[in-house]
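**Q**
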Amino acid sequence: MNKKGIVYLVGAGPGDAGLITVKGLNCLKEADVVLYDHLANVFLLSECNKECEKIFVGKEDGLHHVLQEDTINILIEKANEGKKVVRLKGGDPLIFGRGSEEAIALKEAGIDFEIIPGVTAASGASAYAGIPLTHRNLITQCVFVTAHEQSDKNSPQVDWELLGKMKNTTLVIYMGVSQIQYVVEKLINVGMSGSSTAAVIENGTLNSQRTFVTSLSELYRVVQSNYIKAPSIFIISPAVEYHEQLDWFEKKPLHGKRIVCTRAEDQSQSLFKLLNEQGAEVISFSTIKTELFVPEKKIRVLLSEEKFDWLVLSSENGVRYFIELMKREGLDSRFLSGIKISAIGSGTGKKLSEFGLLPDFVPKEFTSESLVKELSESENLQGKKFLRIKGNFLNDPLTDGLASCGVKVTTYEVYKTFPAKPEKEAINNLIKNKADAFLFTSMSTVANFFNILGNDNAANLLNSSVVLAIGPVTAEELKKRGVEKVHISEIHTIDGMVEELVRII
Numbered sequence: 172m173n174k175k176g177i178v179y180l181v182g183a184g185p186g187d188a189g190l191i192t193v194k195g196l197n198c199l200k201e202a203d204v205v206l207y208d209h210l211a212n213v214f215l216l217s218e219c220n221k222e223c224e225k226i227f228v229g230k231e232d233g234l235h236h237v238l239q240e241d242t243i244n245i246l247i248e249k250a251n252e253g254k255k256v257v258r259l260k261g262g263d264p265l266i267f268g269r270g271s272e273e274a275i276a277l278k279e280a281g282i283d284f285e286i287i288p289g290v291t292a293a294s295g296a297s298a299y300a301g302i303p304l305t306h307r308n309l310i311t312q313c314v315f316v317t318a319h320e321q322s323d324k325n326s327p328q329v330d331w332e333l334l335g336k337m338k339n340t341t342l343v344i345y346m347g348v349s350q351i352q353y354v355v356e357k358l359i360n361v362g363m364s365g366s367s368t369a370a371v372i373e374n375g376t377l378n379s380q381r382t383f384v385t386s387l388s389e390l391y392r393v394v395q396s397n398y399i400k401a402p403s404i405f406i407i408s409p410a411v412e413y414h415e416q417l418d419w420f421e422k423k424p425l426h427g428k429r430i431v432c433t434r435a436e437d438q439s440q441s442l443f444k445l446l447n448e449q450g451a452e453v454i455s456f457s458t459i460k461t462e463l464f465v466p467e468k469k470i471r472v473l474l475s476e477e478k479f480d481w482l483v484l485s486s487e488n489g490v491r492y493f494i495e496l497m498k499r500e501g502l503d504s505r506f507l508s509g510i511k512i513s514a515i516g517s518g519t520g521k522k523l524s525e526f527g528l529l530p531d532f533v534p535k536e537f538t539s540e541s542l543v544k545e546l547s548e549s550e551n552l553q554g555k556k557f558l559r560i561k562g563n564f565l566n567d568p569l570t571d572g573l574a575s576c577g578v579k580v581t582t583y584e585v586y587k588t589f590p591a592k593p594e595k596e597a598i599n600n601l602i603k604n605k606a607d608a609f610l611f612t613s614m615s616t617v618a619n620f621f622n623i624l625g626n627d628n629a630a631n632l633l634n635s636s637v638v639l640a641i642g643p644v645t646a647e648e649l650k651k652r653g654v655e656k657v658h659i660s661e662i663h664t665i666d667g668m669v670e671e672l673v674r675i676i
């Protein structure tokens, strides 16, 4: 008997990936196929399992990448293959989202479906702009209207005359950027006061959100003079006056700042999260990738042949790949009994703790030189045996420094770092669109950034922006390549970088 498929119409919310519902997120994690468009935050796709098929069916106002009919056919086709399919839709599927059309087509095709509601743009953007849709003794009703249907002005589907006469009302207009002049004229002509308080919210709930408060009569001019683009919503309501008092989102220290992160994508989630919390618009431009390297000599054999005094790790990558190798061999922390552990950086220590391992020594300054200096001052290292866990990089001051103290160092490579290959469009966008800051977390991110963009393009781009390095070694690599001013985080960690960025930008 063939397995029966199902389609979930999931509301992704208006922009902020954190606004998806728990049920919607669980559907996404379990999906075999996901159909998505530009209205849903692409960061949500990282929640999909590795085997999930992702299909872009993007749409923009006036430009259709995939026809709606074709999208429906794909949903039916994949469900008939017995797959669990998610149609990820911006906002709420049933509020100006064409979700009902898709649900009807699925019903007619005999496909099981569920509709998972989402935060619609009106409630999401208004909350992030500090504009209440209702307010006791002031606003007693709220109306959602789409202006998208107004291209044929001879047969309007919206009763503007009725809307213009409503009192104590919040009017929210979706998809109105290209029609706002017509909407304003229509409302004023039917009796709404031109002095009515209005707001436009662009990119609602995203860190690029912009809110402009004005009057109804000035709304079109504000849109034109500030180059407002879709997606935007318009709110006409006495409650707009609360924006100045209740605005919280656009007051974050990094709000609206475009920050480029060059770290490997699979390592960047914690950095993205910290930057997002501070209001930054994060641009992922990964310059490196890492992958597991399986040495010929297994860990079990290595630790049986040699009795090591210390295990030394200098990065989160080293920890996670070393632990993965141990798990593959069926080993746990008991196999490291009797070996002291030294780690560079609180991030490395934190990653160790996730696997039940606590470092015996962490230098006060998170550098290779500091580890060697501080550890050699705390005990005699002459003749001690160290197992150095590392990647495939050649230059390793930590190994050299330990060896200079009379230590017998055995290096054990557990991962490889290699250049990422960003799409040409991503490279062009990076060069074309000015960023406020660039973050570099290692020498390899610097080297590959210059290799990808070319020396001149890279140097020019960085010298016209704020450049922040995680530590002195990375900073020195940037300076060698012609970057004139490099900021260094006082604490050489991801958290330290974000704190420094808030201070300097």
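With the numbering used here applied, the sequence shown corresponds to residues 172 to 676, in that order.
Where a beta carbon is used, it is the ideal one built from N, C-alpha and C, also for glycine.
Whole angstroms are fine: how far does the CA of residue 493 sit from the CA of residue 560?
**A** Against the sequence shown, residue 560 aligns to sequence position 389. Against the sequence shown, residue 493 aligns to sequence position 322. Their Cα atoms are separated by approximately 7 Å.
**Q** Just tell me which of 175, 298, 263, 591 has its CA closest to the CA of residue 624.
**A** Position 453 of the sequence shown, counting from 1, holds the residue named residue 624. Closest by alpha carbon: 591.
**Q** In angstroms, rounded to a whole number, what distance separates the CA positions of residue 290 and residue 456?
**A** For the purposes of this step, residue 290 is identified with residue 119 of the sequence shown, where counting begins at 1. For the purposes of this step, residue 456 is identified with residue 285 of the sequence shown, where counting begins at 1. Roughly 29 Å between the two C-alpha positions.
**Q** For the alpha helix (DSSP H) containing residue 543, list its first residue and its last residue.
**A** On the sequence shown, residue 543 is found 372 positions in, with the first residue counted as 1. Here the alpha helix (DSSP H) through residue 543 covers 539-549.
**Q** From residue 297 to residue 565, what does the alpha carbon distance come to, in whole angstroms?
**A** For the purposes of this step, residue 297 is identified with residue 126 of the sequence shown, where counting begins at 1. For the purposes of this step, residue 565 is identified with residue 394 of the sequence shown, where counting begins at 1. Computed Cα separation, rounded: 53 Å.
**Q** Can you give the Cα-Cα distance for residue 468 and residue 476, rounded to whole angstroms?
**A** Position 297 of the sequence shown, counting from 1, holds the residue named residue 468. Position 305 of the sequence shown, counting from 1, holds the residue named residue 476. Taking the straight line from one Cα to the other gives about 11 Å.
**Q** DSSP state of residue 656, grouped into three classes?
**A** To locate residue 656, count along the sequence shown from 1; it is residue 485. Looking at residue 656 - three-state DSSP - the assignment turns out to be coil, as it is neither helix nor strand.
**Q** Label residue 398 either buried or exposed according to how many other C-beta atoms from any shown protein chain fall within 10 Å of its C-beta, with 16 as the threshold for buried.
**A** For the purposes of this step, residue 398 is taken as residue 227 along the sequence shown, with counting starting at 1. Its Cβ having fewer than 16 others within 10 Å, residue 398 is exposed.
**Q** With distances taken between CB atoms, is the gap from residue 577 to residue 554 smaller than 8 Å?
**A** The residue given as residue 577 occupies position 406 in the sequence shown. The residue given as residue 554 occupies position 383 in the sequence shown. Cβ distance < 8 Å, so residue 577 and residue 554 count as in contact.
**Q** Can you pull the DSSP bridge partners for residue 373?
**A** As a working mapping, residue 373 is identified with position 202 in the sequence shown. Paired residue(s): 381, 403.
**Q** Out of 195, 640, 282, 438, which has the shortest C-alpha to C-alpha gap to residue 175?
**A** Working through the sequence shown from its first residue, we reach residue 175 at position 4. If we check each option's Cα against that of residue 175, 282 comes out closest.
**Q** Under the DSSP definition of a beta bridge, which residues are partnered with residue 590?
**A** Sequence index remark: in the sequence shown, residue 590 carries index 419 (1-based). DSSP, once it has assigned bridges, lists 459 as partnering residue 590.
**Q** Could you check if residue 195 is buried or exposed, using at least 16 other CB atoms within 10 Å of its CB as the buried criterion?
**A** Position 24 of the sequence shown, counting from 1, holds the residue named residue 195. It counts as buried.
**Q** When we look at the beta-carbon of residue 321 and count the other beta-carbons within 10 Å, is it buried (16 or more) or exposed?
**A** As a position in the sequence shown, residue 321 is number 150, starting the count at 1. Any reading at residue 321 must be qualified, since the residue scores a pLDDT of 49, below 50, and its modelled position is unreliable; no value is offered.
**Q** At the level of alpha carbons, what is the spacing between residue 666 and residue 521?
**A** The count along the sequence shown starts at 1 and reaches residue 666 at position 495. The count along the sequence shown starts at 1 and reaches residue 521 at position 350. Spanning the two alpha carbons is a distance of roughly 12 Å.
**Q** Which of helix, strand or coil does DSSP assign to residue 411?
**A** On the sequence shown, residue 411 is found 240 positions in, with the first residue counted as 1. Correct three-state label for residue 411: helix.
**Q** Quick check on residue 333: buried or exposed, where buried means 16 or more other Cβ atoms within 10 Å of its Cβ?
**A** Counting from one through the sequence shown, the residue named residue 333 turns up at place 162. Answer is exposed; the Cβ neighbour count stays below 16.
**Q** Round the Cβ separation of residue 295 and residue 184 to the nearest angstrom and send it over; I've been treating them as touching at under 8 Å.
**A** Within the sequence shown, numbered from 1, the residue matching residue 295 stands at position 124. Within the sequence shown, numbered from 1, the residue matching residue 184 stands at position 13. With a Cβ gap of about 6 Å, residue 295 and residue 184 count as contacting.
**Q** Quick one: residues in its chain with C-beta nearer than 7 Å to the C-beta of residue 233, no 5 flanking neighbours on either side, listed in chain order?
**A** Translated into the one-based positions of the sequence shown, residue 233 becomes position 62. Caution applies to residue 233, whose pLDDT of 48 falls short of 50 and renders its modelled position unreliable; the value that the coordinates give is listed next. For residue 233, where only same-chain residues beyond five positions count, there are no Cβ hits under 7 Å.
**Q** Would you identify the three-state DSSP class for residue 189, choosing helix, strand or coil?
**A** For this step, residue 189 is matched to residue 18 along the sequence shown. Reduced to three states, the DSSP call for residue 189 is helix.
**Q** Buried or exposed: residue 403, going by 16 or more other Cβ atoms within 10 Å of its Cβ?
**A** As a working note, residue 403 is residue 232 in the sequence shown. Under this definition residue 403 is a buried residue.
**Q** Can you give me the C-alpha to C-alpha distance between residue 593 and residue 435, rounded to a whole angstrom?
**A** Taking the sequence shown and counting its residues from 1, one reaches residue 593 at position 422. Taking the sequence shown and counting its residues from 1, one reaches residue 435 at position 264. Approximately 11 Å, taken between the alpha carbons.
**Q** Measuring CB to CB, does residue 516 end up less than 8 Å from residue 664?
**A** Residue mapping note: residue 516 aligns to position 345 of the sequence shown, counting from 1. Residue mapping note: residue 664 aligns to position 493 of the sequence shown, counting from 1. The answer is yes: Cβ separation under 8 Å.
**Q** Which stretch, first to last residue, makes up the beta strand (DSSP E) that contains residue 637?
**A** Counting from 1 along the sequence shown, the entry for residue 637 is found at position 466. Its beta strand (DSSP E) spans residues 637-640.
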